[in-house]
Ligand code: GDD
Ligand code: MG
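In this note's numbering, the protein residues as written are 20 to 365.
Quick look at the structure:
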């Protein structure tokens, strides 16, 4: 069995964070995001993993090559132009023909794939899709399934009337196990969507298509800034467990500064006297000057928070400058190299 991670989207909803950093490698607790997915695959000994790329492929490859030993054989395949999720699978997974676990490249989960693989085999399924319950399915693929787990309906980004008609709150969690027969439903070289074309086609052909519900395990799509920040909070408050957090980086924290036990600091951070870092993640080389406060926030590498500045519930990308006494308000998301002048309220 091999792994395929669909990592070719533009990450538009995560802008401005994804202007210079493609979504698959945005840092999550100071690690490129895809490393979490590779780890989940590795746990079930899937070490032959293809990354299906389209947008900024060289950057993604560069970041992963620098990440050290990934514990897996990772292949990079770049589409000549975006082929859609299904077309990308046909392009990247046709040779050799083998059962493939496909991941959307922006979902964070600690789900145990062993159980899903067992479920797929027990049902002799041609396709198995992971589902998770959510409060508002309208932003996702709504999936209705029967008591035996058979998929009954797949509605991508359902309209209000469809939401009313289908009595389900389970959505496509973006993890599929596909037999090679699914490749035959997708014409070579053409743009196809799993969600709009391939899944409806599998249903129309009445092929064995099953839904595996992950309701106890953690699941989140990190594709918006709010969700990206929430994913960090989930790590820090213990809602998401099972991944190692590197808390051993060497930083220069003044004795009179406060860094609470939940916060994570990257290598070479400098925290000056009376500064406070609470429930936050700082990337490598971040400076927090005297009496500044960073709380419930994520700050990427080499950004500087000046004296008396306050940052709360915010995401600040790389090499930003927050001036003296500036206030960065909750919900703010700053792209790389943003500069907030002294005394400003952003
Ligand atoms: N290689 C490649 N080529 N990858 C692509 C392409 C493409 O043309 N288009 C999208 N992708 C990748 C994206 O990078 C992302 O990792 C994944 O496919 C899904 O695309 P998104 O743009 O994030 O879709 P979504 O979040 O609106 O919806 C999808 O995910 C939901 C769960 O998070 C759908 O699969 C929904 O059904 C699902 O509920
Ligand atoms: Mg998404």
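C-beta: ideal position from N, C-alpha, C; glycine also.
With contacts defined by Cβ atoms closer than 9 Å, residue 43 and residue 125 form a contacting pair. If you check the C-beta of residue 123 against the ligand MG, you find a heavy atom less than 8 Å away.
Closest option to residue 153, judged by alpha-carbon separation, among 182, 176, 357 and 188: 188. Residue 121 has its alpha-carbon roughly 20 Å from the corresponding atom of residue 99. Less than 9 Å divides the Cβ of residue 79 from the Cβ of residue 41.
Residue 240 counts as buried, since at least 16 other C-beta atoms from the protein chains shown sit within 10 angstroms of its C-beta.
In the three-state reduction of the DSSP assignment, residue 122 falls in the strand class. Of the residues 302, 291 and 268, the one whose Cα lies closest to the Cα of residue 339 is 302. Approximately 5 Å separates the beta-carbon atoms of residue 287 and residue 304; this is inside 8 Å, confirming the contact. Taking every protein chain shown into account, the CB of residue 38 has fewer than 16 other CB atoms within 10 angstroms, so this residue is exposed. Placement of the Cβ of residue 342 at a distance of 8 Å or more from every heavy atom of the ligand GDD is found. Secondary structure at residue 91: coil, using DSSP grouped into helix, strand and coil.
Relative to the ligand MG, the beta carbon of residue 105 is positioned no closer than 8 Å to any heavy atom.
A straight-line Cα-Cα distance of about 27 Å links residue 194 and residue 35. In this structure, the beta-carbon distance from residue 299 to residue 272 does not fall below 9 Å. Between residue 127 and residue 47, the gap from beta carbon to beta carbon is short of 9 Å.
Three or more beta-carbon pairs drawn from the region 125–145 and the region 210–229 are found closer than 8 Å, and the two stretches are therefore classed as touching.
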